[in-house]
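Numbering (our numbering), first residue to last: 33 to 262. Worksheet for the structure shown next.
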Ligand SMILES: *Cc1c(COP(=O)(O)O)cnc(C)c1O
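Next comes the structure, spelled out in structure tokens:
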């Protein structure tokens, strides 16, 4: 069942790449497994997926014990500074850096374990009050400040587009954040690359790929609807 879902998502990704004249290898699928049991993660892992996204530190800590060691954990949710230390050694990419203070803490913890940790800057592209992320206007400033910290590396931008019925409604937002990433890349800031653009979820990942996403984060489309009441 999950396997069929995954195949369907993979086919859509391939189609969107084709639509945009992009190579399939340019896009990484992150399977968003929040709230789902490890048995389901294992099923998707067995299909060859290695990139998994979680939005809670506690869930990453619980699940990593039971999952194979070659999994790549993506922290995609709001991250509290006091919890950075619990996941710093195990995350492949932190998508949700939106303040200098958080970056500073990541830098301190990364230094302790002698690693350089890759991060994305989360941009609130639609300016929604309910969402985390820095505003479009403040992004360059934040990137410039964080770039001076030596134990983390900015690899690009991440955004969560509004929830919409018709994914076309988000196309302009995806285009805007792509433009922002191109503008920042053109500044050639030391230690900053804009290679990654993490955008697109179950409802809109095809449009996101057409507009330049290099990571799509798909949960419901693979694992089914989430039940938060359990
Ligand atoms: C939950 C979540 C997703 C996946 O959402 P779906 O609509 O289930 O695909 C993607 N990105 C972030 C940041 C999330 O929190």
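Every residue, glycine too, gets a C-beta built ideally from N, C-alpha and C.
Nearest neighbour of residue i, chosen from the options [CA to CA]
| i | options | result |
| --- | --- | --- |
| residue 123 | 157, 132, 162 and 88 | 88 |
| residue 205 | 118, 95, 240 and 37 | 240 |
| residue 228 | 211, 173 and 163 | 211 |
| residue 34 | 220, 54, 78 and 118 | 78 |
| residue 143 | 254, 116, 57 and 153 | 116 |
| residue 152 | 160, 159 and 134 | 134 |
| residue 247 | 113, 121 and 127 | 127 |
| residue 189 | 183, 208 and 199 | 208 |
| residue 238 | 202, 92, 67 and 111 | 202 |
| residue 101 | 74, 111, 90 and 114 | 74 |
DSSP state of residue i mapped onto helix, strand, coil
| i | result |
| --- | --- |
| residue 71 | helix |
| residue 154 | strand |
| residue 33 | coil |
| residue 135 | helix |
| residue 215 | helix |
| residue 38 | helix |
| residue 120 | coil |
| residue 172 | helix |
| residue 244 | coil |
| residue 234 | coil |
| residue 252 | helix |
| residue 239 | helix |
| residue 63 | strand |
| residue 102 | coil |
| residue 126 | strand |
Distance cut-off 7 angstroms: residue i Cβ against heavy atoms of ligand 1
| i | result |
| --- | --- |
| residue 252 | yes |
| residue 87 | yes |
| residue 191 | no |
| residue 64 | yes |
| residue 233 | yes |
| residue 256 | no |
| residue 108 | yes |
| residue 249 | yes |
Environment of residue i [buried if 16+ CB atoms lie within 10 Å]
| i | result |
| --- | --- |
| residue 193 | buried |
| residue 195 | exposed |
| residue 178 | buried |
| residue 106 | buried |
In DSSP terms, what residue i is bridged to
| i | result |
| --- | --- |
| residue 229 | 189 |
| residue 142 | According to DSSP, which records beta bridges pairwise, residue 142 is partnered with nothing at all. |
| residue 50 | Looking at the DSSP assignment, residue 50 forms no beta bridge with any residue, so it has no partner. |
| residue 85 | 64 and 106 |
| residue 166 | 155 |
| residue 196 | Looking at the DSSP assignment, residue 196 forms no beta bridge with any residue, so it has no partner. |
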